[in-house]
Each structure stands twice: as structure tokens, then as C-alpha cells.
Amino acid sequence: MIRRPPRSTHCISSAASDVYKRQLEEITLQSAKVRQDAFQKLAEKNRMTDAKLQEYYQFLEANEGVIRYSGSVLHQIRELKGITIMELATVTCVRGTYLESIEKENFETFPSSVYLKGYLHCYLKALELPLEEVSEQYMTLFDEWNEGGTRKNSI
5 MIRRPPRSTH CISSAASDVY KRQLEEITLQ SAKVRQDAFQ KLAEKNRMTD
55 AKLQEYYQFL EANEGVIRYS GSVLHQIREL KGITIMELAT VTCVRGTYLE
105 SIEKENFETF PSSVYLKGYL HCYLKALELP LEEVSEQYMT LFDEWNEGGT
155 RKNSI
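Numbered by this note's numbering, the letters in the sequence shown go through residues 5 to 159 in order.
In C-alpha cells form, the structure reads like this:
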């Protein structure tokens, strides 16, 4: 029979604990720096593409009469701004699969409409799009899907 040594009440020495805390702080600061850099890069892309976005809105209004913010329109706006899903994911802290599901209108990906609405708000803020207008139109698409779908999950 193998005998285990008695368990110590202090599994980690205070020196090891201090090292661990310093490493954790360093990782946290590096992560914050990465997010800050990504946010600044995203903000610059948003500023640089204002004119292109206005042209795109004029095109939509000329062809459709009004702008309807669907997943495909959000996808086109993101690509027009030159922003990748990874950049959005870094800035918003939302998984890329959820951001892609917003663009593809894969509503079944989301556990409930609360998650969809929260992720959508992060997406819209990062792209500097009109939050209320876009959110209302997009959530109407979700409600239509939900009424015709097999799952009912309202807010």
C-alpha cells in the first residue's frame, strides 16, 4: 500500500502565490493592451470608411427605397469597412461564431433572444451603427423567424 504524505493546509507557498499573482496581472495587462490596440484599429477603420458607408446607404435607398438592416446588409457593411470577424470578436469579446450567426441570421445558434440582442448590441456599437434603428429592425427578423420556427424564446 502506497502512503500519501500528509496534506498541508498551505498547498502553495506565499512566494509561489506572489509569482502566480504577478503572472496573472501581467497576462491581464497584455490582454487589455491587445483589446485596446484592436479597438483603436477598429475605430480608425470606422472613421476611414464613413464616405463609403454613405454611398452604400444611398445605393440601398435608391434601389430599395429604404434601408433594411438584415444580416446580409450588416455583413456588407462590415466588409465595406474592412473589418474582420476576428477583429470584431477581439473588441466585443463575443465569439466569432455568434457574430457570423448574426450576419447569416442563424437564429437557432442563440440560446435565447436575450443573448442575440446583447451580442447584436456589441456588434452594432463596434461598427458604429445606429443602435436603436438597426436593433429594432433586426429583432423583428428574429421575431418573424421565432413565430414561424419550432422554438419560442422571447425576451
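Idealized CB from N, CA, C, for every residue including glycine.
Assigned secondary structure, residue i (DSSP; H/G/I helix, E/B strand, else coil)
i      : result
THR53  : coil
THR113 : helix
LEU133 : coil
C-beta atoms of residue i and residue j nearer than 8 angstroms
i     : j      : result
VAL95 : ALA36  : no
LYS56 : LEU84  : yes
SER76 : LEU145 : no
ARG39 : GLN141 : no
ASN50 : GLU151 : no
Chain B contact for residue i (CB, 8 angstroms cutoff)
i      : result
SER105 : The chain labelled as chain B is not found in the depicted structure, where only one protein chain is given.
Residues near residue i by beta carbon distance below 7 angstroms, same chain, minus five either side
i      : result
CYS126 : THR96 and VAL98
GLN47  : Before going on, a small fix: residue 47 reads as Ala here, not Gln. Excluding positions up to five away in sequence, the list is empty.
THR88  : none
ARG26  : none
Beta-carbon contacts of residue i that lie in its chain and below 8 angstroms, excluding the five residues immediately before and after
i      : result
THR113 : THR101, TYR102 and SER105
TRP149 : GLU109 and PHE111
LEU120 : ILE106, PHE111, PHE114, MET143 and PHE146
GLU65  : ILE71
Chain-order list of residues whose beta-carbon lies under 6 angstroms from that of residue i (same chain, five-residue window excluded)
i      : result
LEU3   : Given a span of 5 to 159 for the chain in the structure shown, any question on residue 3 remains unanswerable.
LEU181 : Because the chain here runs from 5 to 159, residue 181 falls outside it and cannot be looked at.
Unbroken stretches of the alpha helix (DSSP H), 4 residues or longer, contained in the region 62 to 126: 75 to 84, 89 to 96 and 100 to 108
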